[in-house]
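Trainee: One structure, as structure tokens, below. Some questions next.
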Amino acid sequence: MARECLWNKDMVKKLIFNLSNIYAMDLNEFVVNIAIKSNQNTELNYFEILVTIVLSQNTSDRNAIRAFNALKNMVKEVTPKNILAIDDGSLKNAIRVAGLANRKSDILKKLAYVISSKPEFFREIAPLDVEEARKMLLELPGIGFKTADVFLLLVLKKPTFPIDTHINRIVRRLGIANPGDGYEDIRLKVVKFLEGDVDSLSKLHMLLIMHGRRVCTSRNPKCSLCVVSKLCCKIIQ
Numbered sequence: 001m002a003r004e005c006l007w008n009k010d011m012v013k014k015l016i017f018n019l020s021n022i023y024a025m026d027l028n029e030f031v032v033n034i035a036i037k038s039n040q041n042t043e044l045n046y047f048e049i050l051v052t053i054v055l056s057q058n059t060s061d062r063n064a065i066r067a068f069n070a071l072k073n074m075v076k077e078v079t080p081k082n083i084l085a086i087d088d089g090s091l092k093n094a095i096r097v098a099g100l101a102n103r104k105s106d107i108l109k110k111l112a113y114v115i116s117s118k119p120e121f122f123r124e125i126a127p128l129d130v131e132e133a134r135k136m137l138l139e140l141p142g143i144g145f146k147t148a149d150v151f152l153l154l155v156l157k158k159p160t161f162p163i164d165t166h167i168n169r170i171v172r173r174l175g176i177a178n179p180g181d182g183y184e185d186i187r188l189k190v191v192k193f194l195e196g197d198v199d200s201l202s203k204l205h206m207l208l209i210m211h212g213r214r215v216c217t218s219r220n221p222k223c224s225l226c227v228v229s230k231l232c233c234k235i236i237q
């Protein structure tokens, strides 16, 4: 009989511990952290950071970083005013390496227009409860669940859990997520397991992505090399 996978807070903490022992936390692997770092000597440019997260949609962080750097080289500072001033063709060419250039350039223009008309938007959401702030972010053009959650967790340090393709795959293999669970089910379940601890949520988010890139790949996962295989439903069943 297959063994049932029952996850709890202690198992999730063990998952973080095991992954932390093999992966050095290279923040430069993630485009959002590079954007935050580029703002470290000044007040955070929230708009610029949100733009980098949009660039990372449906592409690798490596390509998003290249697109971000090309955009920075063009405008120096990514502000709503500067984005609106760029002609459409130049903007598309700058971010083309991130893929979906037509769609993403359209989103950036619409975001720039909305934020330029609401210059206090980020100051207004910063003190809000996570769900209230999330609702307001989701009302922005081109901002879906994952983009909003990345911004909330890694930038505003609010307790939520972004789920990309790597994380979705791994939590299902591990048995943290049930077969019928959707994005929101998984997000709320992980937040509950970690009791809303932002540091733990951030660490788990990045560790799972690194694990998905290196070991728990979509095709031919390297299960024999996996340090969390004893926790994994795919293995123990």
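The numbers in the UniProt record's numbering rise by one with no breaks, and the one at position 230 of the sequence shown is 230.
A virtual CB, placed ideally from N, CA and C, is assigned to each residue, including glycine.
#1: Distance check for K104 and D185, CA to CA, integer angstroms please.
#2: Given a cut-off of 9 Å on the beta-carbon distance, is the pair I143 and V54 in contact?
#3: Inspect the CB distances between the region 165 to 180 and the region 3 to 15 and report whether three or more fall short of 8 Å.
#4: Unbroken alpha helix (DSSP H) runs of length 4 or more, entirely within the UniProt domain "HhH-GPD" (55 to 214): which are they?
#5: Taking A35 as part of the alpha helix (DSSP H), name the residues at either end of that continuous run.
#6: For the alpha helix (DSSP H) that S20 lies in, which residues bound it at each end?
#7: What three-state label does DSSP hand L6 in the structure shown?
#8: When DSSP labels each residue in this structure, what does L44 get in the three-state scheme?
#9: By Cβ distance below 7 Å, which residues in the same chain neighbour L140 in space, the five residues on each side in sequence not counted?
#10: Output yes or no for whether 9 Å exceeds the beta carbon distance between I125 and L156.
#11: Out of K146, N73, R96, state which residue places its alpha-carbon closest to the alpha-carbon of G182.
#12: Cutting at 6 Å between CB atoms, please list the residues of its own chain near M74, excluding the five before and the five after it.
#13: Give the single residue among H211, I49, S60, L188 whose Cα lies nearest to the Cα of L71.
#14: Can you look up V227 in the DSSP assignment and give me helix, strand or coil?
#15: Identify which residue in V78, I22, S56, S60 has its Cα closest to the Cα of N39.
#16: Does the pairing of the region 217 to 231 with the region 26 to 37 give three or more beta-carbon distances under 8 Å?
#17: Which term fits M25, buried or exposed, when burial requires 16 or more other beta carbons within 10 angstroms of its beta carbon?
#18: Once the 5 residues before and after P80 are set aside, which same chain residues still bring their CB inside 7 Å of it?
#19: Spatial neighbours of H166 within its chain, please: C-beta separation below 7 Å, excluding the five flanking residues on both sides.
#20: Please classify T217: does DSSP put it in a helix, a strand, or coil?
#21: Is the distance from the Cβ of C233 to the Cβ of C226 below 9 Å?
#22: Leaving out five residues on either side along the sequence, give the residues of the same chain with a beta carbon under 6 Å from the beta carbon of A148.
#23: Between which residues of its own chain and V228 is the CB-CB distance below 6 Å, once the five residues before and five after are set aside?
Mentor: The answer reads as follows:
#1: 28 Å
#2: yes
#3: yes
#4: 61 to 75, 80 to 85, 88 to 95, 101 to 117, 121 to 125, 130 to 138, 145 to 150, 165 to 174, 183 to 193, 198 to 214
#5: 31 to 38
#6: 9 to 20
#7: coil
#8: coil
#9: L111, V114
#10: yes
#11: K146
#12: A94
#13: I49
#14: coil
#15: V78
#16: no
#17: exposed
#18: F47, A112, I115, S116
#19: L208, I209, G212, R213
#20: coil
#21: no
#22: R134, L137, L138
#23: L15, N18
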